[in-house]
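**Q** Numbering (my numbering), first residue to last: 140 to 393. Beta carbons are placed, not taken as given, at the ideal position from N, Cα and C, and that holds for glycine.
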Ligand SMILES: [Zn+2]
């Protein structure tokens with residue numbers, strides 16, 4: 140393909156609203172070049188750049204997708220991390236490669252909550268880090284701070300309580316998808332095998348376990364603390380009716 144031809148096709152794709160990364164991959168043109176071509180094209184037609192898409196629900200009042208936010212909050216409290224330093228700002232959630240559906244759901248939630256910013260993935264041994272690049276993630280997750288989450292106080296702000304109160308199942312799904320699991324224990328009695336499914340949530344932070352238990356209380360799911368080596372890191376949901384509720388709303392990881 141000749142360069143003028145590529146130039147025309149790339150600009151047509153941009154006008155059609157195709158994302159730059161996809162155009163870049165399709166035509167083998169660097170993203171920076173695409174941006175420059177679009178800028179030149181607008182200038183040649185006397186157009187100014189369109190207003191930047193709204194950026195942050197906390198800073199400029201962009202509507203926030205509450206259910207997706209509640210789910211993402213659960214993922215963040217479980218396995219999330221925010222990097223916030225000069226020239227480097229992103230939210231990342233590290234997820235086990237065994238559950239590709241959860242990796243997809245995480246990226247979708249990031250895009251739904253912060254549609255103006257790009258997301259990406261990085262492969263690690265046995266897991267995938269899903270990232271969204273924005274300076275505003277600290278606005279949405281003010282729990283960000285130095286050190287491990289388990290070594291500092293984690294308290295939800297009143298506006299977060301409101302969202303979680305309206306969407307407790309989304310929060311629980313996020314917490315289970317990151318730091319929880321559904322396991323099946325079994326015993327044999329009089330030659331017959333009985334299975335006991337249950338949900339486990341494991342987190343070293345007393346505050347995060349409390350947030351998990353408060354949400355379980357809100358939806359009427361019974362739980363108890365199970366101790367491992369004397370430490371109360373695990374919350375177990377084992378009562379049959381409670382497991383049925385969890386199965387209807389969350390289910391096994393996927
Ligand atoms: Zn902000």
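What are the boundary residues of the alpha helix (DSSP H) that residue 318 is part of?
**A** For this step, residue 318 is matched to residue 179 along the chain shown. Unbroken alpha helix (DSSP H) run through residue 318: 307–318.
**Q** Among all the DSSP beta bridges, which residues are the ones paired with residue 322?
**A** Position 183 of the chain shown, counted from the start, is the residue given in the question as residue 322. According to DSSP, residue 322 bridges with 337.
**Q** Should residue 312 be labelled buried (16 or more other beta-carbon atoms within 10 Å of its own) or exposed?
**A** Here residue 312 is taken as the residue at index 173 of the chain shown, counted from 1. Answer is buried; the Cβ neighbour count reaches 16.
**Q** For ligand 1, which residues have a Cβ under 6 Å from at least one heavy atom, in chain order?
**A** Residues flagged by the Cβ proximity filter: 195, 197, 198, 275 and 278.
**Q** Is the number of C-beta pairs between the segment 223–230 and the segment 238–248 that are closer than 8 Å three or more?
**A** Result no; under three Cβ-Cβ pairs closer than 8 Å.
**Q** Leaving out five residues before and five after residue 332 in sequence, what residues of the same chain have Cβ atoms less than 7 Å from its Cβ?
**A** To locate residue 332, count along the chain shown from 1; it is residue 193. Result list for residue 332: 325, in chain order.
**Q** Determine, using beta-carbon pairs with one atom in the segment 368–384 and one in the segment 333–341, whether at least three such pairs fall under 8 Å.
**A** Flag = yes, the segment 368–384 and the segment 333–341 touch.
**Q** Give me whichever residues DSSP pairs with residue 271 in a beta bridge.
**A** As a working note, residue 271 is residue 132 in the chain shown. The partner list for residue 271 (beta bridge, DSSP) reads 230 and 258.
**Q** Who pairs with residue 328 in a beta bridge, going by DSSP?
**A** If you number the chain shown from 1, residue 328 lands on position 189. BP columns for residue 328 point to 331.
**Q** In whole angstroms, what separates the C-alpha of residue 349 from that of residue 322?
**A** By 1-based counting over the chain shown, the position of residue 349 is 210. By 1-based counting over the chain shown, the position of residue 322 is 183. Their backbone Cα atoms lie some 21 Å apart in a straight line.
**Q** So, for residue 251: in the same chain, excluding its five sequence neighbours on each side, which residues have a beta-carbon less than 6 Å away from its beta-carbon?
**A** By 1-based counting over the chain shown, the position of residue 251 is 112. Excluding positions up to five away in sequence, the list reads 204 and 207.
**Q** Measuring only the C-alpha atoms, how far is residue 236 from residue 267?
**A** Looking up residue 236 in the chain shown gives position 97. Looking up residue 267 in the chain shown gives position 128. C-alpha separation (whole angstroms): 6 Å.
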